[in-house]
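Chemist:
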Amino acid sequence: MLKGHLDAIVLAALEAGPAHGYAIIEAIKNRSTSTFDLPEGTVYPALHRLEQAGLLSSTWTTPPGGRRRRVYSLSKAGAAALADRRKVWGRFSRAVDTLLGGRAWPA
Amino acid sequence: MAGVIDQYVASLRRELDFDRALARRLASEVEDHLRDAAEADPAWPSADAEHRAAERFGVAREIAAQFASDAVDRQARRTWITLLVTAVVTFTAMRLRVTWLDDGAISALAPLVDRYAFIAAIAVGAIGWFAFRRSLLAFTICLGGLAASIAAGIVRADLFVHGAPLHVLLAAAGEIALVGLLSFHVIGLGRRLKRTALLRRAGR
């Protein structure tokens, strides 16, 4: 189930600012309080896919005294896609909550 | 002797051999990730810390399978765009040929082959588009579409043999070049489909 929402989760993780792959995985783990403990490598196909779709951009950066890293940031289109996916998810989760709670829908 | 991280990165590169540029780009990115993860391990520096980092990253073949599947989607999009452009250019060139050439410049059979091969190519291409969305059978159908396009090229060969004005030959050359580009994309799509199927089968 998580796989279908991975792209939106990655976009949300980059909303706070640019980050490299390892930091994105850590952010997902921390923000979900380790509920989403994915194999770390699964984030890279998602990052590549989102970049190809123009929702992310990436550049190599080298911090002083640090290792060279590819840093990803949300593009304008990515921010708009994230807003759309949030709306869709909001409607979907309310509907499922209502159905599982046994209430009539729309609540 | 190569460390655990080096071995893992090398195996990922091997699995991604269907796209060398991606393999190169990802190798350095994944290596950075694994070194960060290993350094964050309490047992660092040790081979155990590197092992755990590689384990948490996931099976190289499964990650490569996800990339391969995305690559198929991209390649399919490129193929269908090329097919669409080829269809439009072929149709335009066909109409222009009718306008530019005298009645006697090409055989009576040529316009018929031209027209029906074109219609066949469009029909097979359209079936291929729908089939692609359902199964791998699409590859065979794509090849059928390609064969139909080549059939349309027979008429172009006729133009070259019998000698036609330069602008007609240029339009025909454009069509042939597009069919060549289409074959290139169809072959690429076939290779990627095959690789994805192999990676998925092996990952089960």
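So the protein sequences, as listed, match chains A and B. So that you can map any letter, position 107 of the first sequence is 107 in the numbering used here, and since no number is skipped, the others follow by simple counting. So that you can map any letter, position 119 of the second sequence is 1119 in the numbering used here, and since no number is skipped, the others follow by simple counting. Yeah, the Cβ is synthetic: ideal placement off N, Cα and C, and Gly gets one too.
So, does the CB of residue 1188/B fall closer than 8 Å to a CB anywhere in chain A?
Modeler: Taking Cβ atoms only, chain A never reaches closer than 8 Å to residue 1188/B, which makes this a no.
Chemist: Using a Cβ-Cβ distance cut-off of 8 Å, determine whether residue 1056/B contacts chain A.
Modeler: Closer than 8 Å: yes.
Chemist: How many whole angstroms separate the CB atoms of residue 68/A and residue 62/A, which I take to be in contact at a CB cut-off of 8 Å?
Modeler: The pair is a contact, with the Cβ atoms about 5 Å apart (cut-off 8 Å).
Chemist: Assess contact between the segment 37-54 of chain A and the segment 1063-1076 of chain B, defined as three or more Cβ pairs (one per stretch) separated by less than 8 Å. Is contact present?
Modeler: Touching, per the Cβ criterion.
Chemist: Mapping DSSP to helix, strand and coil, what is residue 19/A?
Modeler: Strand.
Chemist: At the level of alpha carbons, what is the spacing between residue 1032/B and residue 1191/B?
Modeler: Looking at the two C-alpha atoms, the distance is approximately 30 Å.
Chemist: I'd like to know if residue 48/A contacts chain B, where contact means its C-beta is closer than 8 Å to some C-beta of that chain.
Modeler: Yes, its Cβ sits closer than 8 Å to a Cβ of chain B.
Chemist: So if I threshold CB-CB distances at 8 Å, which residues from the segment 1028-1049 of chain B count as touching chain A?
Modeler: Within the segment 1028-1049 of chain B, the qualifying residues are 1028, 1029, 1030, 1032, 1033, 1035, 1036, 1037.
Chemist: Looking at the C-beta of residue 63/A, does it have a partner C-beta in chain B at a distance below 8 Å?
Modeler: Output row for residue 63/A: interface = no.
Chemist: For residue 25/A, which residues of its own chain have a beta-carbon under 7 Å away from its beta-carbon, when the five flanking residues on both sides are left out?
Modeler: Cβ neighbours of residue 25/A beyond the five flanking positions: 40, 43.
Chemist: So for residue 1077/B, helix, strand or coil by DSSP?
Modeler: Reduced to three states, the DSSP call for residue 1077/B is helix.
Chemist: Could you tell me which of 1198/B, 1194/B, 1184/B sits nearest to residue 1078/B, measuring between CA atoms?
Modeler: With distances taken between Cα atoms, residue 1078/B lies closest to 1184/B.
Chemist: Residue 123/A by DSSP, collapsed to three states: which one?
Modeler: Since the displayed chain A opens at 1 and closes at 107, residue 123/A lies outside it and no answer follows.
Chemist: Could you pull out every unbroken beta strand (DSSP E) segment of at least 3 residues lying fully inside the segment 31-96 of chain A, listed in chain order?
Modeler: Runs of the beta strand (DSSP E) inside the segment 31-96 of chain A: 56-61, 69-74.
Chemist: Within the chosen definition, does the segment 1021-1038 of chain B reach the segment 75-95 of chain A through at least 3 CB pairs nearer than 8 Å?
Modeler: Output reads no: the segment 75-95 of chain A does not touch the segment 1021-1038 of chain B.
Chemist: Please report how far the alpha carbon of residue 1153/B lies from the alpha carbon of residue 1176/B, in whole angstroms.
Modeler: The alpha-carbon atoms of residue 1153/B and residue 1176/B are separated by roughly 7 Å.
Chemist: Using 8 Å as the limit for Cβ to Cβ distance, is residue 54/A near chain B?
Modeler: Judged by the 8 Å Cβ criterion, residue 54/A is not in contact with chain B.
Chemist: Would you kindly work out how many angstroms separate the C-alpha atoms of residue 1145/B and residue 1049/B, rounded to a whole number?
Modeler: Cα to Cα, residue 1145/B sits roughly 53 Å from residue 1049/B.
Chemist: Taking 8 Å as the CB-CB cut-off, is residue 40/A touching chain B?
Modeler: Closer than 8 Å: yes.
Chemist: Just checking my contact of residue 89/A with residue 27/A at CB under 8 Å: how many whole Å lie between their CB atoms?
Modeler: The pair is not a contact, with the Cβ atoms about 18 Å apart (cut-off 8 Å).
Chemist: Please confirm whether residue 1060/B and residue 1026/B have their CB atoms less than 8 Å apart.
Modeler: No, the pair does not count as a contact, with Cβ atoms beyond the cut-off.
Chemist: Residue 1159/B and residue 1169/B - do their beta-carbons sit closer together than 8 Å?
Modeler: Yes, Cβ-Cβ distance for residue 1169/B and residue 1159/B is below 8 Å.
Chemist: For residue 1034/B, report the span of its alpha helix (DSSP H) as first-last.
Modeler: First-last of the alpha helix (DSSP H) with residue 1034/B: 1020-1039.
Chemist: Under 9 Å between beta-carbons, which chain A residues line up against residue 1026/B? List them in chain order, please.
Modeler: Going along chain A in sequence order, the residues near residue 1026/B (Cβ under 9 Å) are 44, 48.
Chemist: Note down, in chain order, each residue of its chain lying with its Cβ closer than 6 Å to the Cβ of residue 1125/B, except the 5 sequence neighbours on either side.
Modeler: Cβ neighbours of residue 1125/B beyond the five flanking positions: 1083, 1145.
Chemist: Could you work out which residues of chain B lie near residue 72/A, taking near to mean beta carbons separated by less than 7 Å?
Modeler: Correct list: empty, because the minimum Cβ distance to chain B is about 10 Å.
Chemist: Using beta-carbon positions only, say whether residue 1005/B and residue 1054/B come within less than 8 Å of one another.
Modeler: It is a contact, given that the beta carbons lie within the stated cut-off.
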